[in-house]
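Colleague:
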Amino acid sequence: MSIVHSDRLGQFQQDSATLHASRVTTKWFQERSSDFRHFHWPRKSPEMNIIEDIRNALLHAVENRSPPPRTPMDLWTVLKDEWCELPPRYLQTLVESMPRRVEDIMDLMLTDPFSTASYHP
Numbered sequence: 006m007s008i009v010h011s012d013r014l015g016q017f018q019q020d021s022a023t024l025h026a027s028r029v030t031t032k033w034f035q036e037r038s039s040d041f042r043h044f045h046w047p048r049k050s051p052e053m054n055i056i057e058d059i060r061n062a063l064l065h066a067v068e069n070r071s072p073p074p075r076t077p078m079d080l081w082t083v084l085k086d087e088w089c090e091l092p093p094r095y096l097q098t099l100v101e102s103m104p105r106r107v108e109d110i111m112d113l114m115l116t117d118p119f120s121t122a123s124y125h126p
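At position 58 of the sequence shown (counting the first as 1) the number is 63 in this note's numbering, and the numbers step up by one without a gap.
#1: Cutting at 7 Å between CB atoms, please list the residues of its own chain near E87, excluding the five before and the five after it.
#2: In chain order, what residues of the same chain have a beta carbon less than 7 Å from the beta carbon of D58, not counting five sequence neighbours either side?
#3: Give every residue of the same chain whose Cβ lies closer than 8 Å to the Cβ of L80, excluding the five residues on either side of it in the sequence, and list them in chain order.
#4: My output table needs one value for R60: the three-state DSSP class, helix, strand or coil.
#5: DSSP three-state call for R42: helix, strand or coil?
#6: In three-state DSSP terms, what is E68?
#7: For M78, does the three-state DSSP call read helix, strand or coil?
#8: Just verifying my parser: in three-state terms, what is the DSSP assignment at M53?
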């Protein structure tokens, strides 16, 4: 993490999904707790990661390809092509949506008495 963060600590965010709370995941984080700041998002929280939107757009584009990619190399080529075809305005809209997304998560943290939101430096 020293390449990314001068304090050598990474930041890791996750919601309370069952997968994220599995014994294996929990153990992994416990073993590496000195390497990360851990930020827990509220359960059923609004999507904050615009990469998820981009991933969904690419997935949809790949699913609509005819013929579909048949090999991992075909898939890689299609993904690169589709990535280049994403309209700049779409990406800009995602970036501009961040204030609303932050507001949504803040509203949830204030209104959900069972929220698991917490920041662990």
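Virtual Cβ for every residue (Gly too), placed ideally from N, Cα, C.
Modeller: Reading it off the structure:
#1: Cβ neighbours of E87 beyond the five flanking positions: L63, A66 and V67.
#2: Once the five neighbours on either side are set aside, the close Cβ partners of D58 are L99.
#3: Same-chain partners within the cutoff: V67 and P74.
#4: DSSP places R60 in helix when its eight states are reduced to three.
#5: DSSP places R42 in the strand class (E or B) of the three-state scheme.
#6: DSSP places E68 in helix when its eight states are reduced to three.
#7: The three-state secondary structure of M78, taken from DSSP, is helix.
#8: Here DSSP, grouped into helix, strand and coil, assigns M53 to coil.
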